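Down below is the structure, laid out as structure tokens.
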Amino acid sequence: MTVKLPVIGSSAPDTSYIAVDILAGDCVLHIDGNSKVTVGNGSYAEPAPNAFSIVNGADCPFRTPTCEASCYVQGIEEHAGALYQLYKRNSETIRAILPDARRSSAAAAYLGRWISEHAAGGFRWHVSGDIFSISYAHWISMVVRLSPDVPHWIYTRSFPHLTPLLPLSTTRGGNLAINLSCDRDNMWLARRYAEEHGLRLCYLVDDSGVVPDLPAGSVLFPDYSLRARGLADAQDSPWWQGLTVAQRQMVCPVDFFGKSESMRCGPCKKCLR
Numbered sequence: 463m464t465v466k467l468p469v470i471g472s473s474a475p476d477t478s479y480i481a482v483d484i485l486a487g488d489c490v491l492h493i494d495g496n497s498k499v500t501v502g503n504g505s506y507a508e509p510a511p512n513a514f515s516i517v518n519g520a521d522c523p524f525r526t527p528t529c530e531a532s533c534y535v536q537g538i539e540e541h542a543g544a545l546y547q548l549y550k551r552n553s554e555t556i557r558a559i560l561p562d563a564r565r566s567s568a569a570a571a572y573l574g575r576w577i578s579e580h581a582a583g584g585f586r587w588h589v590s591g592d593i594f595s596i597s598y599a600h601w602i603s604m605v606v607r608l609s610p611d612v613p614h615w616i617y618t619r620s621f622p623h624l625t626p627l628l629p630l631s632t633t634r635g636g637n638l639a640i641n642l643s644c645d646r647d648n649m650w651l652a653r654r655y656a657e658e659h660g661l662r663l664c665y666l667v668d669d670s671g672v673v674p675d676l677p678a679g680s681v682l683f684p685d686y687s688l689r690a691r692g693l694a695d696a697q698d699s700p701w702w703q704g705l706t707v708a709q710r711q712m713v714c715p716v717d718f719f720g721k722s723e724s725m726r727c728g729p730c731k732k733c734l735r
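Position one of the sequence shown corresponds to residue 463 (this note's numbering), numbered consecutively onward.
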């Protein structure tokens, strides 16, 4: 059963959300989408639900000082309390069903089927939150396996919990693009995992603007203070002007240039390949 919900706000006033509640086995899961992450479903003004989120902070066991300082969802609890409560409900629901193999398998089966039917363009794990345990990683892997024709993608700092997901990586022919979220605090560990498993680095550039030497295929996510929103021409940004040609090609266009019909996760696909 799917229950459509009204559009609700977010921590960013120019981001529109659309959401559904689905009955997955004997529990309710909240799925939402917004004008940034929706992949090829409808127009920019009419996003479709295609993401599963939990809470930031408590569900981010490997968060770093840099990512906490730049976290774009920290304002959800204050500015979009209703949305935060739905993410919190997701977190509580997953934690409640994980110890019960029957309940967790039933929920995974239903969610996998729902994703296949309603989010064929792509499904994102965790606009908010991260992989909080190895058992949760196993549950995610079940859902991904049960929607094999859908491209999934995830950003994570929970490198020690990745083992159940690695066989599903797009680098191994699977349908899950695993993106290692990193910054100056955990870069050393991210590099090790990236080299060992052939995974992509997604580097958060803090307000210092310093970009380290990154391998080809990496993605740069500039902190809010570095983005070009509000500038008549993005190339007027001092940070942009200081980047090499190769680094400019790594920059996430949705984050740096702002939201538009042509600059969204779907058309970009930097993190989905």
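For every residue, glycine included, the Cβ atom is placed at its ideal position computed from N, Cα and C. Predicted, not measured: the structure shown is a model, and the values here were computed from it.
Coil, strand or helix - residue i by DSSP
{"i": "residue 585", "result": "strand"}
{"i": "residue 596", "result": "helix"}
{"i": "residue 522", "result": "coil"}
{"i": "residue 734", "result": "coil"}
{"i": "residue 664", "result": "strand"}
{"i": "residue 495", "result": "strand"}
{"i": "residue 486", "result": "strand"}
{"i": "residue 628", "result": "helix"}
{"i": "residue 705", "result": "coil"}
{"i": "residue 612", "result": "coil"}
{"i": "residue 716", "result": "helix"}
{"i": "residue 602", "result": "helix"}
{"i": "residue 502", "result": "Here residue 502 scores only 48 on pLDDT, less than 50, and its place in the model is too uncertain to base an answer on."}
{"i": "residue 459", "result": "Since the first residue shown for the chain is 463 and the last is 735, residue 459 is missing from the structure and cannot be characterised."}
{"i": "residue 513", "result": "strand"}
{"i": "residue 690", "result": "coil"}
{"i": "residue 481", "result": "strand"}
Cβ shell of residue i (< 8 Å), same chain only, five flanking positions each side left out
{"i": "residue 607", "result": "574, 630"}
{"i": "residue 661", "result": "631, 633, 640, 641, 642, 655"}
{"i": "residue 637", "result": "606, 609, 610, 611, 612, 613, 614, 630"}
Endpoints, the beta strand (DSSP E) within which residue i is located
{"i": "residue 640", "result": "638 to 644"}
{"i": "residue 673", "result": "Element bounds for residue 673: n/a, residue is neither H nor E."}
{"i": "residue 683", "result": "681 to 684"}
Assumed close pair residue i, residue j - CB separation to whole angstroms, cut-off 8 Å
{"i": "residue 609", "j": "residue 578", "result": "5 Å"}
{"i": "residue 556", "j": "residue 516", "result": "7 Å"}
{"i": "residue 592", "j": "residue 553", "result": "With a Cβ gap of about 11 Å, residue 592 and residue 553 do not count as contacting."}
{"i": "residue 710", "j": "residue 702", "result": "7 Å"}
{"i": "residue 513", "j": "residue 594", "result": "That belief does not hold up - the Cβ atoms of residue 513 and residue 594 are roughly 17 Å apart, past 8 Å."}
{"i": "residue 616", "j": "residue 588", "result": "6 Å"}
{"i": "residue 649", "j": "residue 674", "result": "6 Å"}
Close Cβ partners of residue i (< 7 Å) along its chain, the five nearest in sequence each way excluded
{"i": "residue 651", "result": "621"}
{"i": "residue 603", "result": "626, 627, 630"}
{"i": "residue 560", "result": "566, 597, 598, 601"}
{"i": "residue 536", "result": "518"}
{"i": "residue 528", "result": "645, 646, 647, 666, 668"}
Residues near residue i by beta carbon distance below 6 Å, same chain, minus five either side
{"i": "residue 569", "result": "486, 487, 489, 559"}
{"i": "residue 503", "result": "Residue confidence for residue 503 is low, a pLDDT of 46 falling below 50, so the modelled location carries little weight; the figure read from the coordinates is stated next. Answer for residue 503: 510, 583, listed in chain order."}
{"i": "residue 730", "result": "715"}
{"i": "residue 548", "result": "492"}
Alpha helix (DSSP H) segment containing residue i, residue limits
{"i": "residue 573", "result": "563 to 580"}
{"i": "residue 556", "result": "543 to 559"}
{"i": "residue 533", "result": "Where residue 533 is concerned, there is no enclosing alpha helix (DSSP H), given that its DSSP letter is neither H nor E."}
{"i": "residue 651", "result": "649 to 659"}
Contact with chain B by residue i, beta-carbon distance below 8 Å
{"i": "residue 556", "result": "Going by chain labels, chain B is absent from the structure shown, which holds only one protein chain."}
For this session: Would you check if the region 649 to 662 and the region 618 to 633 touch, i.e. whether three or more CB-CB distances between them fall below 8 Å?
Result: yes
For this session: For the region 711 to 718 and the region 678 to 685, state whether three or more C-beta atom pairs, one from each stretch, are separated by less than 8 Å.
Result: yes
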